[in-house]
Amino acid sequence: MGSFLDYTVNGLVIGDVYALLAVGLALIFGVANLVNFAHGSVYTIGAYVGWAAITYLHTPFPVTLAIVALACAALGALIERLALRPLQGRARIAPLLATIGLSFVLDQLVQLVCSPNPRAVPAELPDWRIPIGGGSIGPMDLLIAFVSLTSAGLLYGFLRFTKLGYAVRATAQDREAARQMGVNVDAVNSAVFAIASALGGISGLLVGMYYNHIDPGMSFQATLKGVVAVVIGGIGNVPGAIVGSLILGLTESYGIALFGTTYRNLFAFALLILFLVLLPNGLFGGRKVIDAEPLTGSFIAPSRALKLPAPLIAALTVAAFALPFFATSPYLLQVLTNAWLAALVALSLTLVSGTAGQMSFGQAALMAIGAYASALLATDYGVSPLLSVPVAGLAAALIGTALVFPAFRLRGHYIAIATLAIGEIVGLVILNWESFTHGALGVTGIPPLSAFGYEVTSARAVYWLCLALLVAFALLQMRLINSHIGRTLKALRDDEVAARSHGVEISRYKAIAFGFAGFGAGVSGAISAHLFSYLNNQTFDSQLSLLAVTMAILGGMGNILGAILGAVVLVGLPEAFRFAAEYRILIYGVVLLLLVRFRPQGLLGTV
Amino acid sequence: MAALLQVRALTRRFGGVTAVDALDFEVAEGELVSLIGPNGAGKTTTFNLVSGLDRAASGEVLFDGRRIERLAAEKIAALRIARTFQHGRVFANLSVLDNVLIGAHTRLKAARPKLGPIAELLVALVGPRGVREEQAQLVEDAKAILARFGDRLTPRLDHPAYSLSYANRRRLEIARALALRPRLLMLDEPTAGMNPTETAEMEAIIGDLKRSGLTILLIEHKLDMVMRLSDRVYVLDDGKRIAAGRPAEVRDDPAVIEAYLGHSRIGETRAEAAE
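If you read the sequences in order, they're chains A and B. Numbering-wise (the working numbering), the first sequence opens with residue 103 and increments by one. Numbering-wise (the working numbering), the second sequence opens with residue 554 and increments by one.
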């Protein structure tokens, strides 16, 4: 009983922290119609600013709080002004992609400045505890409750009674009408980003003090948790975000009590998927139908694709195959092999997100499924890789499609969030299903690729194999896009309602796209597993998914050659110039930001 | 003989507003029937209900004697009911030809084997001769349909739809609907936003379609055109049917005149149903 109370208190405290995050996300969604994926980065920066103030300036808590709030507010306003305001009027997914690019940049800057090692944030609080029931409440719990309640009160007062608060609410209801009535919506946006970021930063500080631990990797999970809370409450609904946060905090806390810590995030994301599928407008979003605006979910800029002459493409392909005869450096071949494998994933992504317009942030999970399927078949069941790799492709196609299937009726931002969550869930299931996947230990000793007793281990052989697979998939995808299926996918991307009215079964064609893409990504994952010989739940994480998105956008969404080019540029070039990993992510972020802003059609143009 | 389309007591509410209120009407084979009425009368909502994009609270829709009010839009399209949209919804990034070919989606036989989606994918990847022949034949058919619009669309076969003028998008939408080989064609304000020349041209095309025996349900605000084209007219106001009959009968109906020129009681609240 006592422990139940403890878990409840813990759940509410964590819920309070999530609420500070989620309220900001809800406010931003309200006025800017945007899921801000950089919110977790602001939260992390808040934590680090607080840590620096306490460690170097020895500031007392209220001063630390003020410094964090001010610094993050400034950062938020800056983000809005520099990265998002120029994107007004673009495809709705554009600012979302920009915030992903920003989060890459900010997280990596934190890591470069403060080192990737975790830090301790001294809370400097007395260590008495008030016993209640069988549990107890400590000063940290009370402090968090106090700060979050005060913030909520101040926010309520601001929205309810100040002139700017009125303007914020008006803008949230109808941006254009507010503008017509003389509301300076840019100023409103700025203010909202500042307030939301201040709250997010405070949340980061409090979490750092609560766990006495901060690290640069905390950003992404924080964003995700905030998004979960916001979806539960109904996206854009501020009180809903608070209730959603408390529900999320309690669910996680009770989940940990029942099943253990590693299940915590699994509960969070399962809750998210449940809400997206059953109640996409959340608890308080009302029953308004998500309306079908054409062209909102896709990132297809009306542009003419660059047409490369067929002989040039053929010559490049021949050159790629002939390269191992001239370049003998195994390092170069290895780098290009990685690029070919990445290109397979980029191809799969450009099909679902470009051709079919279903923005997928979970493509790495398909690789993970393929990799695990082949690795486990080869190690635990002694199946030859010749058989296990294609089986792995099929497994990724079937399991991947089945997992996304419930999300097929979602659009735009929602499908992106759902695929991201599904990607996380796949990783967490791999982590927790120890008897089958070996859990956190991973799979070791995966045999190299072999066929008929011949092992494919030399750098050359591996290079040729991967290149041949890539060319085969690219040709198949080209056939697919030129068939009636390609036409149908583009139609449902442009306007689902009109497509349905002409007899297109939306789910069937989305399933075909995800199935085909899943096979390619699964094979890529399976091959990678045999090349790496080791695999764990983090080998194919969400960052890789987002990298695949960046590759596809760089080449031009839906563009087959573009996806290959994007993979070669983003995987090959940083390797060739031997950038350290943290700089590489920074470059990816900058590339994504610049693309979204200046060349949304990518290098070769969207198709 | 029973009418091709029969709508009985169809009702749709949005919150407190009854957008379509116990509506009855029917369209016989080969007939051109118009739905007219002021903005907010429930015409487009009726289209959405019949075409399966919206669900009625109650009432029945019978097509060829079969209940269809619970069917999904894609199933209704498969029964060969085609529609266009009030504001024009072409597939912006598809070419003109591909837009029309999407209209012919339900006619794909070889490309959509009955075995299911996996077979469909494999057939598309292999591309056997039957599929290629079917495609070629549909392309010819699509070109013939586009030729109905004279030189408006044919020279632009490969242009993406987003590059078309507004009027051309409306034409393309009708071409796309015709590619379905509809038994019933539902046109939602086909001449909205068109100038008088373009309107006359469109009227001639609709007249041709009618003479070819096509059954048409039309929503239109340009009453001269409605009167000339229609066999029968239903007048809607506030979701209710307030008059029905031949064009000449409806034109002189006092209820219709009131609906168009204003309500007799000043200040009477009018439901602003979502059109």
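Heads up, the beta-carbon is just placed ideally off N, CA and C, and yes, glycines get one too.
If residue i and residue j are in contact, beta carbons under 8 Å, what's the gap, nearest whole angstrom?
i	j	result
S587 (chain B)	L771 (chain B)	5 Å
L646 (chain A)	A498 (chain A)	14 Å between Cβ atoms; not a contact.
L449 (chain A)	I662 (chain A)	6 Å
A225 (chain A)	L453 (chain A)	With a Cβ gap of about 50 Å, A225 (chain A) and L453 (chain A) do not count as contacting.
L326 (chain A)	N534 (chain A)	Contact flag wrong, Cβ pair sits at about 17 Å.
Taking 8 Å as the CB-CB limit, is residue i close to chain B?
i	result
I587 (chain A)	yes
T398 (chain A)	Only weak support exists for where T398 (chain A) lies, its pLDDT of 43 falling under 50; the coordinates are left without a value.
F618 (chain A)	yes
V599 (chain A)	yes
L578 (chain A)	yes
With a threshold of 8 Å between beta carbons, is residue i in contact with chain A?
i	result
I655 (chain B)	yes
R619 (chain B)	no
R729 (chain B)	yes
H712 (chain B)	no
S604 (chain B)	yes
F638 (chain B)	yes
A677 (chain B)	yes
L738 (chain B)	no
T768 (chain B)	no
V673 (chain B)	Here residue 673 (chain B) is Glu; the residue named in the question, Val, does not match the sequence. So, interface residue.
L733 (chain B)	yes
Find the residues of chain A that neighbour residue i, judging by a C-beta separation of less than 8 Å, and give them in chain order.
i	result
G680 (chain B)	R581 and S585
F578 (chain B)	Within chain A, no residue comes near F578 (chain B); the closest Cβ sits about 20 Å away, beyond 8 Å.
T659 (chain B)	H604 and G605
A631 (chain B)	G605
Express the C-alpha separation of residue j and residue i in angstroms, rounding to a whole number.
i	j	result
R271 (chain A)	I337 (chain A)	15 Å
D393 (chain A)	P426 (chain A)	Since pLDDT at D393 (chain A) reaches only 47, below the 50 mark, its modelled position is unreliable, and no value is offered.
I655 (chain A)	M580 (chain A)	18 Å
R231 (chain A)	D108 (chain A)	12 Å
M778 (chain B)	G142 (chain A)	59 Å
F206 (chain A)	L688 (chain A)	6 Å
V215 (chain A)	P318 (chain A)	10 Å
A124 (chain A)	D118 (chain A)	10 Å
Y145 (chain A)	L571 (chain A)	42 Å
A745 (chain B)	L615 (chain B)	29 Å
F634 (chain A)	P492 (chain A)	18 Å
Would you mind reading off the limits of the beta strand (DSSP E) that contains residue i?
i	result
P233 (chain A)	I232 to I234
R610 (chain A)	No beta strand (DSSP E) contains R610 (chain A), which is instead part of the alpha helix (DSSP H) from I608 to F634.
V614 (chain B)	S611 to F616
V671 (chain A)	V671 (chain A) -> no beta strand (DSSP E), and no H or E assigned at all.
M739 (chain B)	L737 to D741
D209 (chain A)	Segment I195 to C216 is the alpha helix (DSSP H) holding D209 (chain A); no beta strand (DSSP E) there.
E278 (chain A)	Run containing E278 (chain A): none in the beta strand (DSSP E); it sits in the alpha helix (DSSP H), R277 to Q282.
G507 (chain A)	At residue 507 (chain A) the sequence reads Phe, which differs from the Gly that was named. Unbroken run through F507 (chain A): none, as it is neither H nor E.
G798 (chain B)	K793 to G798
V588 (chain B)	Note that residue 588 (chain B) is Leu in the sequence shown here, rather than Val. L585 to I589 is the extent of the beta strand (DSSP E) around L588 (chain B).
V580 (chain B)	V570 to V580
Below 7 Å, is the gap between the Cβ of residue i and the nearest heavy atom of the ligand ZN?
i	result
D607 (chain B)	Ligands displayed in this structure: none; no statement on the ligand ZN is therefore possible.
Just the chain A side, please: which residues come within less than 9 Å of residue i by C-beta, in chain order?
i	result
A610 (chain B)	Within 9 Å Cβ-Cβ: nothing; A610 (chain B) doesn't reach chain A, min ~14 Å.
Given that residue i touches chain B, what residues does it touch there, using C-beta distances under 9 Å?
i	result
A613 (chain A)	P670
By the DSSP assignment, the alpha helix (DSSP H) with residue i in it spans what residues?
i	result
E773 (chain B)	Looking at the DSSP string, E773 (chain B) is not in any alpha helix (DSSP H), and its letter there is neither H nor E.
Y158 (chain A)	From DSSP, Y158 (chain A) is part of no alpha helix (DSSP H); its letter is neither H nor E.
L418 (chain A)	A412 to F428
G259 (chain A)	P241 to F263
V603 (chain B)	K596 to V603
T70 (chain A)	There is no way to answer for residue 70 (chain A), as the model of chain A reaches only from 103 to 709.
So with CB distances below 7 Å, who are the chain A contacts of residue i?
i	result
E627 (chain B)	R602, G605, V606 and E607
A664 (chain B)	H586
Residue i versus chain B: which residues are under 8 Å apart at the beta carbon?
i	result
K592 (chain A)	F644, N646, L647 and D651
R511 (chain A)	Going along chain B, no residue has its Cβ under 8 Å from R511 (chain A), so there is no contact; the nearest lies around 12 Å.
For residue i, return the contacting residues in chain B, with the cut-off set at a CB-CB distance below 7 Å.
i	result
D596 (chain A)	F644, A645, N646 and L647
R610 (chain A)	P670
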